[in-house]
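Here's the structure we're looking at; comments come further down.
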Amino acid sequence: MQSFLKAPNFSKTFFYKQPQNKYQEFCNAYAYYKQATLCDPKLNREKLSQECASEWKDVKKHDNVFIESKICEYYKTIPTTVRSHQQILMSRNATPSSHHTPTPSTSKQYKEYIDITSLPKNAKSQYDAAVKINSAMKKYLSVNK
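Offset between the sequence shown (1-based) and the working numbering: plus 13.
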């Protein structure tokens with residue numbers, strides 16, 4: 014796979030390899046969240062630790078259900094680089110051709126297939142990826158009708 018399409022790896026155990034309590038779980042989740050939103054896997058540990066402690070002061074006042082949901086929310090963060098690639102692929106205006114069939118608009122996010130006829134002939138990997146994406150979109154749209 015080409016390196017510019019790879020997403021950076023962000024550690025879900027930035028501070029604690031084996032968290033022993035909610036605070037440590039929260040700190041790891043918060044660190045992952047910050048790495049993903051800033052797209053920087055090498056953040057300053059000291060500064061991040063201070064931010065985490067400050068954030069924890071607000072969060073610890075709530076019950077365990079809220080704390081767990083906050084941890085899950087942080088871990089579900091999609092890195093902005095991946096999000097931008099998804100937006101490009103999903104919002105791309107494809108031109109009609111004989112190789113694909115546009116689907117009826119069932120949601121605002123998924124409107125059209127990727128036009129594989131516009132890809133260069135020597136871009137085999139891109140072609141294969143577009144075919145897989147189109148197939149997945151077709152399955153998704155057929156399930157969500």
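Glycine is no exception: its CB is placed at the ideal position from the N, C-alpha and C atoms. As the structure is a computational prediction, the values presented were derived from the model and not from experiment.
Residue i burial status per 10 Å Cβ neighbour count (16 or more: buried)
i: N57; result: exposed
i: I129; result: buried
i: I127; result: buried
i: K60; result: exposed
i: A49; result: buried
Nearest neighbour of residue i, chosen from the options [CA to CA]
i: I84; options: P32, Y43, E64; result: Y43
i: L51; options: N22, E38, T130; result: N22
i: V72; options: C40, Y88, S138, K47; result: C40
i: E64; options: K137, N157, H75, F28; result: F28
i: I91; options: S62, Y45, P133; result: Y45
CA-to-CA distance, residue j to residue i, given in whole angstroms
i: S131; j: P54; result: 35 Å
i: E38; j: H75; result: 15 Å
i: E86; j: S67; result: 18 Å
i: K137; j: L154; result: 26 Å
i: A142; j: Y36; result: 41 Å
i: V156; j: K70; result: 43 Å
i: K134; j: Y140; result: 9 Å
i: K47; j: Y88; result: 10 Å
Within-8 Å CB hit, residue i to chain D
i: V72; result: In summary, chain D is missing from the structure at hand, where a single protein chain is found.
Using 8 Å as the Cβ pair cut-off and three pairs as the minimum, do the stretch 23–33 and the stretch 71–80 touch? no
Please go through the stretch 34–88 and give each complete alpha helix (DSSP H) segment of 4 or more residues, from N-terminal end onward. 35–51, 58–72, 77–88
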